[in-house]
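Enquirer: Numbering (the numbering used here), first residue to last: 13 to 142.
Let me give you the structure first, and then I'll get to my questions.
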Amino acid sequence: MTRDELKQITLQFTDAFNRDDLDGVMAWFAEDAVYDEFHGARHEGKEAIRAAFEPMFAGKFGKVRFEEEDLFLDPEDGKAMISWSCVIATSERSSAWRGLDLLHVEGGRIVAKHTYAKTARPLFEARDAA
13 MTRDELKQIT LQFTDAFNRD DLDGVMAWFA EDAVYDEFHG ARHEGKEAIR AAFEPMFAGK
73 FGKVRFEEED LFLDPEDGKA MISWSCVIAT SERSSAWRGL DLLHVEGGRI VAKHTYAKTA
133 RPLFEARDAA
């Protein structure tokens, strides 16, 4: 895998979240992929990962957007680290929290997504609504 290929996978995957495109997000996962959430929950397989993401895509938490902060790529090992600020907006307020995803990619598909965050739970750092 080239550096550019890994970069495109990472950015297109993140962009699918920002377009509220659950099918687009899921298209990047391998069938036997693993998703580790920042609070410790682990989801194995595409069906379990989709179920974990569905509340977010259904709007349960408000409008969720990931603003990229930094990107590190290791194309030889098929690993990417993307740090972000997750902005969550509801009709009442807008909040943000910072975190990162470590992505493991094989054969053009994400086989593992490990999420880490600088918070115990979402919606913490008050932010002015834009």
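We put the CB at the ideal spot given by N, CA and C, even for glycine.
Please list the terminal residues of the continuous beta strand (DSSP E) segment that includes R54.
Expert: Run containing R54: R54 to E56, per the beta strand (DSSP E) assignment.
Enquirer: Would you call T26 buried or exposed, if buried means 16 or more other Cβ atoms sit within 10 Å of its Cβ?
Expert: With 16 or more neighbouring CB atoms inside 10 Å of its own CB, T26 falls in the buried class.
Enquirer: Among D89, A129 and S95, which residue has its Cα nearest to the Cα of H116?
Expert: D89
Enquirer: Ignoring anything shorter than 3 residues, give me the beta strand (DSSP E) runs that lie fully in the stretch 28-88, in order along the chain.
Expert: Taken in chain order, the complete beta strand (DSSP E) segments of 3 or more residues contained in the stretch 28-88 are 41-48, 54-56 and 75-86.
Enquirer: Is the CB-CB distance between S103 and E81 below 8 Å?
Expert: no
Enquirer: In whole angstroms, what is the alpha-carbon distance linking A101 and E118?
Expert: Distance between the alpha carbons of A101 and E118: 34 Å.
Enquirer: Measuring CB to CB, does A200 end up less than 8 Å from G36?
Expert: What the structure shows of the chain is the stretch from 13 to 142, and residue 200 is not part of that stretch, so it cannot be assessed.
Enquirer: For a test of the three-state rule: what should DSSP assign to R15, helix, strand or coil?
Expert: Helix, per DSSP.
Enquirer: Measure how close the beta-carbons of A45 and I122 come, nearest whole angstrom, since I'm counting them as under 8 Å.
Expert: 6 Å
Enquirer: Suppose contacts are defined by Cβ-Cβ distances below 8 Å. Is F65 in contact with L34 by that definition?
Expert: In this structure, L34 lies closer than 8 Å to F65 by Cβ.
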